[in-house]
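Below: the structure, in structure tokens.
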Amino acid sequence: MNKKPNHIQPTLSAGAFPSVQGMWKQYQSDAAQSLLPTGAPYVDERLRGGITQAGLHEFFGGAKADSHAAAAFALLLAWRLPESDAGIFWISGDKERQTSGRLYPYGLSAMGGDPARMLLVQTADLRDALRAAADAIRSKAASAVILETHGNARLVDLTSTRRLALAAAETGVLALLVRGDAVPMPSAARTRWRICSAPSAPLPGNAPGLPTFDISLLRHRGGAAPFAARVTWDHATRSFFDAPLSGGLSAIVTDTKTGPESRQRA
Amino acid sequence: MVEKQRGAMRLAACDPAAHALGLTPGMALADARARVPDLAVFDHDPVADLNLLGWFADGCERYTPACMLDPPQGLLLDITGCEHVFGDAARLAKDVQARFSRHGLSCRIALGGTPDSAQAKARYAARAISDVPVEALDGGDKVHKALRRAGLRSIGDLAVRPRKPLAARFGQAVVVRLARLLEEEDPRITPRRSLPTIHVTQNFAEPISRTNDVLATIEMLAGGAALQLQERGQGGRRFEIRLFRSDGHVARLAVDTGTPTRDAALLMRLIRERIDALSDPLDPGFGYDLIRLEVPLAEVLANVQVGLETKIDTGAAAAALIDRLSVRLGAERVRQFHARQSHIPERAALERVAQSDVAKADWPKADWPKPVPGEPAMRPFRLFETPQPIEVTAGFPEGEPRSFRWRRHVHRVTRVEGPERISPEWWRHARGYAPGNGSLTRDYYRVEDNEGRRFWLFRRGLYDEIERPLWYLHGIFA
Numbered sequence: 009m010n011k012k013p014n015h016i017q018p019t020l021s022a023g024a025f026p027s028v029q030g031m032w033k034q035y036q037s038d039a040a041q042s043l044l045p046t047g048a049p050y051v052d053e054r055l056r057g058g059i060t061q062a063g064l065h066e067f068f069g070g071a072k073a074d075s076h077a078a079a080a081f082a083l084l085l086a087w088r089l090p091e092s093d094a095g096i097f098w099i100s101g102d103k104e105r106q107t108s109g110r111l112y113p114y115g116l117s118a119m120g121g122d123p124a125r126m127l128l129v130q131t132a133d134l135r136d137a138l139r140a141a142a143d144a145i146r147s148k149a150a151s152a153v154i155l156e157t158h159g160n161a162r163l164v165d166l167t168s169t170r171r172l173a174l175a176a177a178e179t180g181v182l183a184l185l186v187r188g189d190a191v192p193m194p195s196a197a198r199t200r201w202r203i204c205s206a207p208s209a210p211l212p213g214n215a216p217g218l219p220t221f222d223i224s225l226l227r228h229r230g231g232a233a234p235f236a237a238r239v240t241w242d243h244a245t246r247s248f249f250d251a252p253l254s255g256g257l258s259a260i261v262t263d264t265k266t267g268p269e270s271r272q273r274a
Numbered sequence: 003m004v005e006k007q008r009g010a011m012r013l014a015a016c017d018p019a020a021h022a023l024g025l026t027p028g029m030a031l032a033d034a035r036a037r038v039p040d041l042a043v044f045d046h047d048p049v050a051d052l053n054l055l056g057w058f059a060d061g062c063e064r065y066t067p068a069c070m071l072d073p074p075q076g077l078l079l080d081i082t083g084c085e086h087v088f089g090d091a092a093r094l095a096k097d098v099q100a101r102f103s104r105h106g107l108s109c110r111i112a113l114g115g116t117p118d119s120a121q122a123k124a125r126y127a128a129r130a131i132s133d134v135p136v137e138a139l140d141g142g143d144k145v146h147k148a149l150r151r152a153g154l155r156s157i158g159d160l161a162v163r164p165r166k167p168l169a170a171r172f173g174q175a176v177v178v179r180l181a182r183l184l185e186e187e188d189p190r191i192t193p194r195r196s197l198p199t200i201h202v203t204q205n206f207a208e209p210i211s212r213t214n215d216v217l218a219t220i221e222m223l224a225g226g227a228a229l230q231l232q233e234r235g236q237g238g239r240r241f242e243i244r245l246f247r248s249d250g251h252v253a254r255l256a257v258d259t260g261t262p263t264r265d266a267a268l269l270m271r272l273i274r275e276r277i278d279a280l281s282d283p284l285d286p287g288f289g290y291d292l293i294r295l296e297v298p299l300a301e302v303l304a305n306v307q308v309g310l311e312t313k314i315d316t317g318a319a320a321a322a323l324i325d326r327l328s329v330r331l332g333a334e335r336v337r338q339f340h341a342r343q344s345h346i347p348e349r350a351a352l353e354r355v356a357q358s359d360v361a362k363a364d365w366p367k368a369d370w371p372k373p374v375p376g377e378p379a380m381r382p383f384r385l386f387e388t389p390q391p392i393e394v395t396a397g398f399p400e401g402e403p404r405s406f407r408w409r410r411h412v413h414r415v416t417r418v419e420g421p422e423r424i425s426p427e428w429w430r431h432a433r434g435y436a437p438g439n440g441s442l443t444r445d446y447y448r449v450e451d452n453e454g455r456r457f458w459l460f461r462r463g464l465y466d467e468i469e470r471p472l473w474y475l476h477g478i479f480a
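Protein sequences, first through last, are from chains A and B. Anchor point for the first sequence: position 219 equals 227 in my numbering, and the numbering is continuous, going up by one each time. Anchor point for the second sequence: position 52 equals 54 in my numbering, and the numbering is continuous, going up by one each time.
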């Protein structure tokens, strides 16, 4: 992985032309750094364009009950990918399905997704799930692979995440790892996020509004600084937008009481 | 071997040594013990006998696909057209004999023009059918006794007699059986398993046991099968591999594919997955001396010209991946969404096996609702298979929830929308619609708690339907 972010122009030292190999590397690193914007201007600016499409990204739930928010956020990110024939693989174990329920296609389509593109893989345990995820990422059949795990699992370690990250970098598949009810451990993911659900802008009659999340970037391999923001998903445009906070301030979460920090695990 | 017959322990079978001591099946155990005090006795287990016979029959499929059990002790093989592989029928019989004796089993082999004649000759150890006793007619004790009284002791004696009086005296069945014994009428045997039209077999002079050798052989066979499939313009949907072990055991491996294929490389990947996923690994024992690949299920697959510009075919890649995961995890673990006509939320959406027999075009087109701009999703993105019971505090009995407790956590409701009333499908009930009959009306609420989590709750039953309706959490919104 090229550590230098946004390395667009080849650097020409005086009198030396870049070698073909160098250009090829340049081209490759650009291709590998094809970015997926979230659609929310503030977030994309902090991410310098978006998250790397050909890479592994981790999503932790803020509190135990926020694992659903992490799953939803990962799923919505996958829908940001341009339409293609390639499917979106949702891989989870028996345990995850029991604790978190199953995906419900009517809800998915109401959020702007196409349930026909979803392929569900349910494995008996995490070992099978990791293997299935690696296979799905390696094949050209998937545009995104989402692996959902629940609880602190020793199997999801540096080695196994690196395997997924390398495969994703090779094939350009967006690999998303949802980690409900777990504490961050070293991993090879390009970005690590903490996702909490956030109060929505109410509709008339005080009805719950559009899906809103408090997201905070915990770690970025490209060097972007950690930040927190509140975003709302708009299913009509299939993109996030910066959720307005009361008072029309910036999207930075300043209210520590409702902010994600307050829900951080001990 | 002993067995309880008519209230007494009797011998069911005995080995040659016991025979030599004068013991015969049918003898009471007490009598046998009196004659041979140190008699070793075991319980007779007919099921195990039959299983063993089935095992032998599997092993005999190396000679011919048409193999039939003849309980309690016989096997019938139809070797029509199969002898030339071994030279002639006698050499084939010799090979069978050698194989059985290698395991310390004795067997009696007879060749006959009809299954009945071969069976009778083997059973009564006769060289010619005319020497076989009349008991081979299977006509029952009465018939056999009557024939013997008339001085007719063997089939040979009967053969020269006119048939009509025989039929008049003993019935048509005896005459039919006689004709079959005398090879005048040839019934076909019903094989245990019919051999598919496409199969390739590899024989080995010496058994092979290394997994790599086995895989290499299967690959070669897969290439052969692919050629046959190509000639027919077909692709296999199911492939079966039979590994014949030299000790008679036959291991089976079956691989299913979602779309017809004749790609040997793809097939090999699936087979490797299959072997890896076996709960008890392949045990080559003394090695395999015959491997057969069969294609029991094939479908039309047009020949395609592969273009020079190779575009990645995501459809084919997806099919390959689905096959691979289905083989490893089990087909029922790789699924796709499928809609069903129902307004009960959990009944409306099913999941079906992605690797399905039904062609994808035949699936009912799902009519998933399109999102309404500005409106949030009215259905959760996650649904609990069984609704989760919750404790709810509501403002008034029919009112909306104020707070609820789920998984030991109290959620204070800040925003709420509802109710959305969903009636039960009363037409599913025998007594039709009646208040409080079977299913209850559900009142669904979309709620958001003080921490911004959005849930889908319902109250099961109206207050005029049941005394105390209970609340459940059914789904979770993004």
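A virtual CB, placed ideally from N, CA and C, is assigned to each residue, including glycine.
Check	Outcome
From the beta carbon of arginine 170 of chain A, is the nearest beta carbon of chain B less than 8 Å away?	no
Once the 5 residues before and after alanine 40 of chain A are set aside, which same chain residues still bring their CB inside 7 Å of it?	With a pLDDT of 49 at alanine 40 of chain A, under the threshold of 50, the modelled position of this residue cannot be trusted, and the question is left open.
Please report the distance separating the alpha-carbon of leucine 172 of chain A from that of threonine 107 of chain A.	25 Å
Taking C-beta pairs closer than 7 Å, name the residues in chain D that lysine 103 of chain A reaches, listed in chain order.	Checking the listed chains, one finds no chain D in this structure; the protein chains it contains are A and B.
Starting from threonine 261 of chain B, find everything on chain A with Cβ-Cβ shorter than 9 Å and list it in chain order.	In chain order: nothing, as chain A lies at least about 13 Å away.
Beta-carbon of alanine 32 of chain B versus every beta-carbon of chain A: anything under 8 Å?	no
Quick one: what's got a C-beta closer than 6 Å to arginine 227 of chain A's C-beta in the same chain, skipping five residues either side?	Arg200
State the Cα-Cα distance for the pair valine 418 of chain B and glutamate 453 of chain B, rounded to the nearest angstrom.	14 Å
Can you pull the chain A neighbours of methionine 380 of chain B, defined as C-beta to C-beta under 9 Å?	Tyr114, Gly115 and Ala118
State yes or no: is the beta carbon of arginine 407 of chain B nearer than 8 Å to at least one beta carbon in chain A?	no
Write down every uninterrupted run of the alpha helix (DSSP H) in the segment 37-69 of chain B whose length is 4 residues or greater and which is fully enclosed by it, in chain order.	48-62
Comparing alpha-carbon positions, which option in A:Leu184, A:Ala161 and A:Arg105 lies nearest alanine 142 of chain A?	A:Leu184
DSSP puts glutamine 338 of chain B in a beta bridge; with which residues?	B:Arg354
Which residues bound the alpha helix (DSSP H) around glycine 238 of chain B?	First-last for glycine 238 of chain B: 236-247, but that is the beta strand (DSSP E), not the alpha helix (DSSP H).
Under 8 Å, CB to CB, which of the residues in the segment 443-470 of chain B have a partner in chain A?	Arg448, Val449, Glu450, Asn452, Glu453, Gly454, Arg455 and Arg456
If we count the other Cβ atoms within 10 Å of its Cβ and call it buried at 16 or more, is proline 347 of chain B buried or exposed?	buried
Run through chain A and tell me which residues come within less than 8 Å of threonine 395 of chain B, C-beta to C-beta.	Result: empty, since nearest Cβ-Cβ is about 18 Å, beyond 8 Å.
What are the partner residues of glutamate 450 of chain B, as DSSP defines its beta bridges?	B:Arg417 and B:Arg456
Can you pull the DSSP bridge partners for valine 129 of chain A?	A:Ile99 and B:Val336
Do the segment 224-232 of chain B and the segment 95-110 of chain B make contact, defined as three or more Cβ pairs closer than 8 Å?	no
Using a C-beta cutoff of 8 Å, does arginine 135 of chain A count as contacting chain B?	no
Taking leucine 327 of chain B as the query, report the chain A residues whose CB atoms sit under 8 Å from its CB, ordered along the chain.	Val129, Ala140, Asp143 and Ala144
I want to verify the contact list: residues of chain A whose CB lies under 9 Å from the CB of glycine 317 of chain B, in sequence order.	Asp93 and Ala149
Among all the DSSP beta bridges, which residues are the ones paired with valine 302 of chain B?	B:Gln236
Any Cβ of chain A within less than 8 Å of the Cβ of arginine 487 of chain B?	For residue 487 of chain B there is no data in the structure shown, the boundaries of chain B being 3 and 480.
Pull the bridge partners of phenylalanine 249 of chain A from the DSSP assignment, please.	A:Thr240
Pick from B:Arg247, B:Glu427 and B:Ala318: whose alpha carbon is nearest that of serine 344 of chain B?	B:Glu427
If you follow the beta strand (DSSP E) that valine 186 of chain A is part of, which residue opens it and which one closes it?	182-188
Please report whether the beta-carbon of histidine 243 of chain A lies at a distance below 8 Å from any beta-carbon of chain B.	yes
With a threshold of 8 Å between beta-carbons, can histidine 86 of chain B be considered close to chain A, or not?	no
Along the segment 168-194 of chain A, where does the CB come closer than 8 Å to a CB of chain B? Name the residues.	none
Straight-line CA distance for isoleucine 111 of chain B to aspartate 133 of chain B?	16 Å
Measuring alpha carbon to alpha carbon, tell me which residue in A:Asp222, A:Leu85, A:Arg198 and A:His158 is nearest leucine 64 of chain A.	A:Arg198
Thinking just about the alpha-carbon of each residue, which of A:Phe81, A:Ala124 and A:Asp74 is nearest to the one in leucine 352 of chain B?	A:Ala124
Which value, in whole angstroms, describes the spacing of the CA atoms of arginine 349 of chain B and alanine 140 of chain A?	28 Å
Rounded to the nearest angstrom, what separates phenylalanine 386 of chain B and tyrosine 474 of chain B at their Cα positions?	10 Å
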